[in-house]
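Student: Anchor point for the sequence shown: position 86 equals 202 in this note's numbering, and the numbering is continuous, going up by one each time. Backbone N, C-alpha and C fix where the C-beta goes; we use that ideal spot for every residue, glycine too. Dumping the structure here so I can ask a few things about it.
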Amino acid sequence: SASRVKVLHANVLRMGASNVALTHFDGRVFGEYLYETFDAILLDAPCGGEGTVRKDPNALKHWDISDVTAIADTQKDLIESAFLALKTGGTLVYSTCTLSQLENQQICYHLQQTYPDAVEFLPLNDLFPNAQAACTPEGFLHVWPQIYDSEGFFVAKIKKSPL
């Protein structure tokens with residue numbers, strides 16, 4: 117979405133980040149064309165948006181499992197591409213604003229099954245005070261709106277070991 121790139125650009129400028137590249141390309145191309153190029157990647161994946169229901173009550177009005185399954189397939193392609201574009205020893209942060217394990221944990225497990233010796237999940241238990249209360253046993257952060265009075269979201273931190 118071109119409008120989201122503009123908002124992201126404004127946020128990058130506001131935060132003073134100078135080592136950031138923004139693009140409007142399909143993220144599925146980076147693994148092949150920029151193999152092992154990046155030290156760190158943030159993949160804020162397109163998702164079903166279940167976690168946004170507090171600000172948008174219509175978010176679940178048109179929810180359909182076939183849409184979620186299609187989005188999960190795209191997420192798998194994106195996380196594989198991001199992982200290939202990541203340098204050995206680099207860090208990939210995968211995030212969504214959805215609550216579904218199909219779009220969250222299962223995408224991370226897919227990456228681990230695809231590259232079993234190269235994927236290491238890094239726990240986020242100390243990300244903020246009492247973060248361990250929102251972490252899964254693997255250390256993924258799964259924020260539930262009803263617990264934190266917030267939007268719902270998911271974050272995983274993944275380190276790339278030598279392939």
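Within 10 Å of its beta-carbon, does A126 have 16 or more other beta-carbons around it, so buried, or fewer, so exposed?
Tutor: Taking the first residue of the sequence shown as 1, we reach residue 126 at position 10. With fewer than 16 other Cβ atoms within 10 Å, it is exposed.
Student: Can E219 and Q191 be called in contact, C-beta distance under 8 Å?
Tutor: Counting from 1 along the sequence shown, the entry for residue 219 is found at position 103. Counting from 1 along the sequence shown, the entry for residue 191 is found at position 75. Yes, the pair counts as a contact, with Cβ atoms nearer than the cut-off.
Student: When the Cα atoms are used, what is the spatial distance from V259 to V145?
Tutor: Within the sequence shown, the letter at position 143 stands for residue 259. Within the sequence shown, the letter at position 29 stands for residue 145. Cα to Cα, the separation comes out at about 30 Å.
Student: Take the Cβ of T212 as the centre, count every other Cβ of all protein chains shown within 10 Å, and call the residue buried at 16 or more, exposed below.
Tutor: Along the sequence shown, one-based indexing puts residue 212 at 96. Counting Cβ neighbours within 10 Å, T212 comes out buried, since at least 16 surround it.
Student: Counting along the chain, where does the beta strand (DSSP E) carrying A272 start and finish?
Tutor: As a first step, residue 272 must be located in the sequence shown, where it is residue number 156. Run containing A272: F269 to K276, per the beta strand (DSSP E) assignment.
Student: If we count the other Cβ atoms within 10 Å of its Cβ and call it buried at 16 or more, is S216 buried or exposed?
Tutor: The residue you call residue 216 lines up with position 100 of the sequence shown. With 16 or more other Cβ atoms within 10 Å, it is buried.
Student: Could you tell me which of G165, Y225 and A188 sits nearest to L176, measuring between CA atoms?
Tutor: As a first step, residue 176 is located in the sequence shown; it is residue number 60 there, counting from the start. It is G165 whose Cα lies nearest to the Cα of L176.
Student: Hey, would you say I205 sits closer than 8 Å to A156, going by beta carbons?
Tutor: By one-based count along the sequence shown, residue 205 stands at place 89. By one-based count along the sequence shown, residue 156 stands at place 40. Here residue 205 turns out to be Gly, not Ile, going by the sequence shown. No, the pair does not count as a contact, with Cβ atoms beyond the cut-off.
Student: I'd like to confirm the pairing. Which residues does DSSP put opposite D160 in its beta bridges?
Tutor: In the sequence shown, counting from the first residue as 1, residue 160 sits at position 44. Paired residues: S211.
Student: Identify whether T204 lies in helix, strand or coil by the three-state DSSP scheme.
Tutor: The residue given as residue 204 occupies position 88 in the sequence shown. Strand at T204.
Student: In this structure, does DSSP put H258 in helix, strand or coil?
Tutor: Within the sequence shown, numbered from 1, the residue matching residue 258 stands at position 142. Strand at H258.
Student: Check whether the region 243-258 touches the region 188-202, counting contact only when three or more Cβ pairs, one atom from each stretch, lie closer than 8 Å.
Tutor: Cβ pair count under 8 Å is below three, so no.
Student: Go through its chain and collect everything with a Cβ distance to T153's Cβ below 6 Å, but skip five positions before and after it.
Tutor: If you number the sequence shown from 1, residue 153 lands on position 37. Closer than 6 Å at the Cβ level, and outside the excluded window around T153, lie A201.
Student: Going along the chain, which unbroken runs of the alpha helix (DSSP H) with 4 or more residues stay wholly within the region 210-248?
Tutor: Qualifying alpha helix (DSSP H) stretches, in chain order: 221-230.
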